[in-house]
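Peer 1: One structure, pasted below without further comment.
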Amino acid sequence: MNWATWILAVLAAVNAVLPAYALSQNELAAIADRDIWFLSPGTFEERTKTGMWLVYFGTTWCPYCKKLTPKWLEVQKVVEAEHMADRMFSMAKVDCTAVGQWCGELKVTGFPNIFLYMDGVNVDLYPLEHETPIILKYIQDKLAVYEKSKVGAAPVGGKAPPSLPEVGADPADLKVQNRDDQKQLQQPPVAGNLAVEALPAKPDPPAAAPAPPVAKAPLIPPVENQPLNKGKEANQDPKKAAGPIKNEPPPGNQKQAIIGNPEELVDDGMTNTTVKGTRKHPIKEFRGLRGFIQSRLVTPLVGPECSTSLLQFQIFSHFDCTRLLISKVLGFGLVAGGAVIKMPQIYKIVMKRSAIGVSFASYALETAAYIAGLAYNVRQGNPFNTYGEHAFMAVANCIVIALMFHYTHRYKDLVTVSVCTFLLTTSLFSRAIINDTILLSFQWLAILIGITIGSLARCFTTATEVKDTVIFVTYLVATGLNGSVLYQVVIYWGKGRKTKSLMD
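Mapping of the sequence shown onto mature numbering (1 follows the signal peptide of the UniProt record, and there is no 0): residues -22 to -1, 1 to 482, in sequence order.
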């Protein structure tokens, strides 16, 4: 029975802490957005009207979009590596944060939405899971259907596409035949001797009927491969889809557009932008000891831009980076403190083999508050150093509760509490069971029941890196409660007790 008790306690503790080690979705999405292809309202219609496109509509505040964005970049890299543009396929992302009304006109009903376009027509809404292999399989299947629909369309030159060689055919004969085909294609048609079948019998509906060829004019490419737009796009290679431009800068001073306006680079905790002004800092790779410190210690904490500024001792000129470093160090210090703060109490309980004086109700409410805060932070994609102590303290509380039931031989109650903890944790971390609105209510409830763990330093890290009102108020209340206790300890320190009777 003792082994079963410990196994249940460990399972409950592991289930509470594992989700906290998930990588920050904000940071991953921000990194992925730097390389993802984007389309804007000004380029969307012109580019999607030719070929097959898979377009992902998302926003910067949508947590599901932050989860999808890194996987979308993985799919894009595979598409680029396999040269799918040669097969008339491309993909892009549309940021609907500032153009929500325009996205609504494109039948976007939620985020993220992924639509499939064929020659400018919205033909399908992606219905499957947002996983890289599944998206790639979907692309291959739809691209095969699209290419099959294009096979058999009569080209303008009247020459049928080359057929597959027969089994046992001589390769030398095939080479001669291919050279003859190329010469025949390069010869311009002669005026007055144009065959009737050279003209397309049924041109594609979106394309206008091509003009009859003129003497000494190059052969017109097939109708289905002609770009439908005019101007510069008409001179592109008809065999390749017009791919989106990566992070196309706005008109004007291109250098200034790439750097960006520092006032717009504000980290509000819900967007994928960096801390205010950090993108304008130059990046430099150091060598020797400073290079080791930069690559191993500073860059993982504050990024390459701020690591350059800090290692050049630009502490006050680039104070935003200094503030971010202080916040990171304080955050990890608090996480480390939260990992060991309960250890003395656990050690004392184990050595005395008794948990007399420990309140189960207090620990149960505190653990529920920790799990609710942990689930809220993980689902919001906040950095682990801004809430990590919650995970360790929740695990420590679970161990204390397990010891309480173990030393009082209440094993049935321990099993019941373990199952309830498991169900509560699973429900809070699953959006299918508890949505974000209900989870937000749990977080406010944690404030009302009085979270007493926190400090002014945690308020600072939250205001710097997360800027979430709910989390900030939580730590502010905790700071006030701890401050009131500290104030009472200070003013009553060293004063003797005065015993009074009930009649005084």
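Glycine included, every Cβ here is placed at the ideal spot set by N, Cα and C. These figures come from a predicted structure and were not determined experimentally.
Out of curiosity, what's the CA-to-CA distance linking N124 and I92?
Peer 2: Your numbering for residue 124 matches position 146 in the sequence shown. Your numbering for residue 92 matches position 114 in the sequence shown. As written in the sequence, residue 124 is Tyr, which differs from the Asn given in the question. Approximately 18 Å, taken between the alpha carbons.
Peer 1: Would the beta-carbon of M96 fall within 7 Å of that of F67?
Peer 2: Residue mapping note: residue 96 aligns to position 118 of the sequence shown, counting from 1. Residue mapping note: residue 67 aligns to position 89 of the sequence shown, counting from 1. Result no, Cβ atoms of M96 and F67 do not sit closer than 7 Å.
Peer 1: Reducing DSSP to helix, strand and coil, say where V53 ends up.
Peer 2: Start at 1 with the first residue of the sequence shown, and residue 53 comes out as number 75. If DSSP states are grouped into helix, strand and coil, V53 belongs with the helices.
Peer 1: Given that a residue counts as buried once 16 or more other Cβ atoms are within 10 Å of its Cβ, and exposed if not, what is P361?
Peer 2: Here residue 361 refers to the residue found at position 383 when the sequence shown is read from its first residue. Looking at its Cβ environment, which holds 16 or more other Cβ atoms inside 10 Å, P361 is buried.
Peer 1: Can you name, in chain order, every residue of its own chain whose Cβ lies under 6 Å from the Cβ of T75, other than the five neighbours on each side?
Peer 2: Looking up residue 75 in the sequence shown gives position 97. Answer for T75: T37 and T38, listed in chain order.
Peer 1: Put residue 484 into one of helix, strand or coil per three-state DSSP.
Peer 2: Because residue 484 is not part of the residues shown, which for the chain are -22 to 482, the question remains open.
Peer 1: Just confirm the distance between the C-beta atoms of V280 and L302, as a whole number of angstroms; I'd bet it's less than 8 Å.
Peer 2: On the sequence shown, position 302 is the one that residue 280 refers to. On the sequence shown, position 324 is the one that residue 302 refers to. Contact holds; Cβ gap of about 5 Å.
Peer 1: Determine whether the beta carbon atoms of Y34 and W50 lie at a separation below 7 Å.
Peer 2: Counting from one through the sequence shown, the residue named residue 34 turns up at place 56. Counting from one through the sequence shown, the residue named residue 50 turns up at place 72. Closer than 7 Å, so yes.
Peer 1: Looking at C-alpha atoms only, which residue of I349, A342, L114 and V378 is the closest neighbour of I334?
Peer 2: Counting from 1 along the sequence shown, the entry for residue 334 is found at position 356. The shortest C-alpha separation from I334 is found at V378.
Peer 1: Is the distance from the Cβ of N363 to the Cβ of V318 below 7 Å?
Peer 2: Here residue 363 refers to the residue found at position 385 when the sequence shown is read from its first residue. Here residue 318 refers to the residue found at position 340 when the sequence shown is read from its first residue. Cβ atoms of N363 and V318: not closer than 7 Å.
Peer 1: Would you give the residue range spanned by the alpha helix (DSSP H) that A347 belongs to?
Peer 2: Position 369 of the sequence shown, counted from the start, is the residue given in the question as residue 347. A347 -> alpha helix (DSSP H) spans F338 to Q358.
Peer 1: Looking only at DSSP bridge pairs, what is Y104 linked to?
Peer 2: Translated into the one-based positions of the sequence shown, residue 104 becomes position 126. Answer is none; Y104 lacks a bridge partner.
Peer 1: Terminal residues of the continuous beta strand (DSSP E) containing S68?
Peer 2: In the sequence shown, the residue the question calls residue 68 occupies position 90. F67 to D73 is the span of the beta strand (DSSP E), which, as asked, contains S68.
Peer 1: Per DSSP, what are the beta-bridge partners of Y34 in this structure?
Peer 2: The sequence position of residue 34 within the sequence shown is 56, counting from 1. K71 and I92, per the DSSP bridge assignment.
Peer 1: How about Y348 and H368: do their beta carbons lie closer than 7 Å?
Peer 2: Within the sequence shown, numbered from 1, the residue matching residue 348 stands at position 370. Within the sequence shown, numbered from 1, the residue matching residue 368 stands at position 390. Contact: yes.
Peer 1: L84 to V57, Cα distance in whole Å?
Peer 2: Here residue 84 corresponds to residue number 106 of the sequence shown, with the count starting at 1. Here residue 57 corresponds to residue number 79 of the sequence shown, with the count starting at 1. Spanning the two alpha carbons is a distance of roughly 24 Å.
Peer 1: Cβ atoms of Y389 and S332: under 7 Å apart, would you say?
Peer 2: If you number the sequence shown from 1, residue 332 lands on position 354. If you number the sequence shown from 1, residue 389 lands on position 411. It is not a contact, given that the beta carbons lie outside the stated cut-off.
Peer 1: Would DSSP call K258 helix, strand or coil?
Peer 2: As a position in the sequence shown, residue 258 is number 280, starting the count at 1. Summary for K258: the model assigns pLDDT 48, below 50, so the residue's position carries little reliability; its value from the coordinates is reported in the next sentence. K258 falls in the helix class under three-state DSSP.
Peer 1: Report the three-state DSSP secondary structure of V77 (helix, strand or coil).
Peer 2: In the sequence shown, the residue the question calls residue 77 occupies position 99. Residue state, collapsed to three classes: coil.
Peer 1: My assumption, with CB atoms under 8 Å, is that H108 sits in contact with L32. Please give the rounded CB distance.
Peer 2: As a first step, residue 108 must be located in the sequence shown, where it is residue number 130. As a first step, residue 32 must be located in the sequence shown, where it is residue number 54. Actually they do not touch by this definition, with Cβ atoms about 12 Å apart.
Peer 1: How far does the alpha helix (DSSP H) with D97 in it extend, from its first residue to its last?
Peer 2: Position 119 of the sequence shown, counting from 1, holds the residue named residue 97. It is not in any alpha helix (DSSP H) - D97 carries neither H nor E in the DSSP assignment.
Peer 1: When you compare each of Q323, V393, F407 and I117 to L352 by their alpha carbons, which one comes out closest?
Peer 2: By 1-based counting over the sequence shown, the position of residue 352 is 374. Here the closest residue by C-alpha is F407.
Peer 1: Considering only the alpha carbon of each residue, which of D13, V328, V373 and I117 lies closest to M382?
Peer 2: The residue you call residue 382 lines up with position 404 of the sequence shown. It is V328 whose Cα lies nearest to the Cα of M382.
Peer 1: Is the beta carbon of V276 sitting closer than 7 Å to the one on L267?
Peer 2: As a first step, residue 276 is located in the sequence shown; it is residue number 298 there, counting from the start. As a first step, residue 267 is located in the sequence shown; it is residue number 289 there, counting from the start. No, the Cβ-Cβ distance between V276 and L267 is not below 7 Å.
Peer 1: Give the C-beta separation of V72 and F22 to the nearest angstrom, bearing in mind that I take them to be a contact with Cβ-Cβ under 8 Å.
Peer 2: Here residue 72 is taken as the residue at index 94 of the sequence shown, counted from 1. Here residue 22 is taken as the residue at index 44 of the sequence shown, counted from 1. At roughly 7 Å, the Cβ-Cβ gap stays under 8 Å, so V72 and F22 are in contact.
Peer 1: Using the three-state DSSP reduction, which class does F16 fall into: helix, strand or coil?
Peer 2: Translated into positions along the sequence shown, residue 16 becomes position 38. Here F16 sits in strand by DSSP.
Peer 1: Using a Cβ-Cβ cutoff of less than 7 Å, which residues in the same chain neighbour Y365 once the five nearest sequence positions on both sides are dropped?
Peer 2: Position 387 of the sequence shown, counted from the start, is the residue given in the question as residue 365. Excluding sequence neighbours, Y365 sits near G351, L352 and N355.
Peer 1: Would you kindly report the start and end of the unbroken alpha helix (DSSP H) that includes G315?
Peer 2: Reading the sequence shown from its first residue, position 337 is the one you call residue 315. Note, G315: alpha helix (DSSP H), F297 to V318.
Peer 1: Could you tell me whether the Cβ atoms of E52 and T110 are closer together than 7 Å?
Peer 2: Along the sequence shown, one-based indexing puts residue 52 at 74. Along the sequence shown, one-based indexing puts residue 110 at 132. Yes, Cβ-Cβ distance for E52 and T110 is below 7 Å.
Peer 1: Which residue's Cα is closest to the Cα of A10: N413, K55 and P19?
Peer 2: Looking up residue 10 in the sequence shown gives position 32. If we check each option's Cα against that of A10, K55 comes out closest.
Peer 1: Can you tell me which of the three DSSP states I469 falls into?
Peer 2: The residue you call residue 469 lines up with position 491 of the sequence shown. Helix.
Peer 1: Below 7 Å between beta carbons: does that hold for N375 and T345?
Peer 2: Position 397 of the sequence shown holds residue 375. Position 367 of the sequence shown holds residue 345. Against a cut-off of 7 Å, the Cβ pair of T345 and N375 comes out as a contact.
Peer 1: Can you say whether R409 is buried or exposed, counting buried as having 16 or more other CB atoms within 10 angstroms of its CB?
Peer 2: Along the sequence shown, one-based indexing puts residue 409 at 431. Counting Cβ neighbours within 10 Å, R409 comes out exposed, since fewer than 16 surround it.
Peer 1: Express the C-alpha separation of P48 and T26 in angstroms, rounding to a whole number.
Peer 2: The sequence position of residue 26 within the sequence shown is 48, counting from 1. The sequence position of residue 48 within the sequence shown is 70, counting from 1. Cα to Cα, T26 sits roughly 23 Å from P48.
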